[in-house]
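According to this note's numbering, the sequence shown is numbered sequentially starting from 497. To start, the structure itself, in structure tokens.
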Amino acid sequence: MGQKAHPLSVRLGVIETWNSRWYARHEFAKQLHEDIRIREHIRKELGYAAISKIEIERTPNRIRIILKTARPGVIIGRKGQEIERLTADFAKMTGRDTPDIKIDVEEVKHPQIDAQLIAENVSFQLVRRVAFRRAMKKAIQTAMARGAQGIKIKVGGRLAGAEIARKETYHEGKVPLQTFRADVQYGFSEAQTTYGTIGVKVWVYKGEVLGPSREGREQEIKDRIKGATRERSEEGLPTKQTDAWSSDELFSGQKRPRRGRGTGPRDASRMRS
């Protein structure tokens, strides 16, 4: 009890997809290890490039690496030199030919509301000795001004050089952690300060992204009931509703009261006899 699920893993298959998309029957462990090494290499070599997400797709003869970043020009380099260098590194790492490695760079349109980029920005400011409360509040204000519906930032460690490590949390708006259709992004980064490591966690809520509203679903079900009633009427079948709940009460949450014993017409005839 009291534990929180990871915002990405709990929504896989609902509104999120896997960061590694491939299938392997016999070499699963080997390819998984390659993915981990590729991600670590990118984070190490391009830690300054504001990379939000790294996605890897595999076919039997090819590896496609998708880098989502707020600074695509830094990753591509002059005349594509950085891309060529990364491609050569990954070909050597995986034992493949250079043409079998493809790197695509996609730009993040709104980095101010990207959870991973916010976490990296806050950790960068902590390394530069900016007050942690100031960095957190500024990130929250910027995200809410850019259209985020809610944001929560948590930092933990020897804050402001304190001797005892602690955690502090700031949030604004709403962040529904248990709603599957809620688009909640999660980001994590570490700040290596002179006092030790400070962890930064960020949750950003951007709104619901799955299915119509509740009112729309109610109206859709009512329309279906009316359509079914019309079809039964055209076919000459009985259309009287015998269910204890009517269509209008389907979403009201209150059950229609039934008549008590001895008050119906059948019971009244029994009483007279």
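All residues carry an ideal CB built from backbone N, CA and C; glycine is no exception.
Proximity winner among the options, relative to residue i (alpha-carbon distances)
i	options	result
Arg625	Thr690, Val700 and Ile660	Thr690
Arg654	Glu602, Ile538 and Lys663	Lys663
Asp610	Arg592, Ala639, Lys718 and Ala587	Ala639
Glu668	Pro556, Val705, Lys648 and Arg517	Lys648
Arg554	Val671, Lys575, Arg581 and Phe524	Phe524
Leu582	Arg630, Asn557 and Arg533	Arg533
Ala773	Val698, Thr590, Lys500 and Ile572	Residue numbering for the chain in the displayed model covers 497 to 769; residue 773 lies beyond these limits and cannot be assessed.
Arg642	Lys702, Val651 and Val570	Lys702
Ile538	Leu563, Gln637, Asp593 and Val604	Leu563
Ile552	Gly692, Tyr519 and Ser685	Tyr519
Gly576	Asp596, Val601, Asn557 and Asp593	Val601
Lys549	Val506, Lys718, Ser729 and Ala615	Ala615
Gln499	Trp514, Glu731 and Leu673	Leu673
Same chain only: Cβ atoms within 6 Å of residue i, ignoring 5 sequence neighbours per side
i	result
Ala687	Ser619, Leu622, Val623 and Ile694
Ala627	none
Val570	Ala545
Ala661	Gly653 and Arg654
Ile561	Ile552 and Ile599
Contacting residues, own chain, Cβ-Cβ under 7 Å from residue i (five flanking each side not counted)
i	result
Leu504	Glu512 and Tyr682
Pro607	Ala546, Ala566 and Leu613
Ile636	Ile647, Ile649, Tyr666 and Glu668
Thr590	Glu530 and Ile559
Per-residue DSSP class, three states only, for residue i
i	result
Val623	helix
Gln618	Checking the sequence shown, residue 618 turns out to be Val, not Gln. Val618 falls in the helix class under three-state DSSP.
His606	coil
Lys702	strand
Ala678	strand
Val696	strand
Arg726	helix
Met632	helix
Gly643	coil
Arg517	strand
Gln637	helix
Gly657	helix
Range covered by the beta strand (DSSP E) that runs through residue i
i	result
Ile534	Careful: Ile534 lies outside any beta strand (DSSP E), inside the alpha helix (DSSP H) at Phe524 to Glu541.
Gly646	Gly646 to Gly653
Gly669	Arg662 to Gly669
Minimum Cβ-Cβ distance from residue i to chain E less than 8 Å
i	result
Lys634	The structure shown contains no chain E; it is built from a single protein chain.
Contacting residues, own chain, Cβ-Cβ under 8 Å from residue i (five flanking each side not counted)
i	result
Glu704	Thr675, Arg677, Ala678 and Asp679
| field | Completely contained alpha helix (DSSP H) runs for the segment 543–600, where each covers 4 or more residues | value | 568–572 and 577–590
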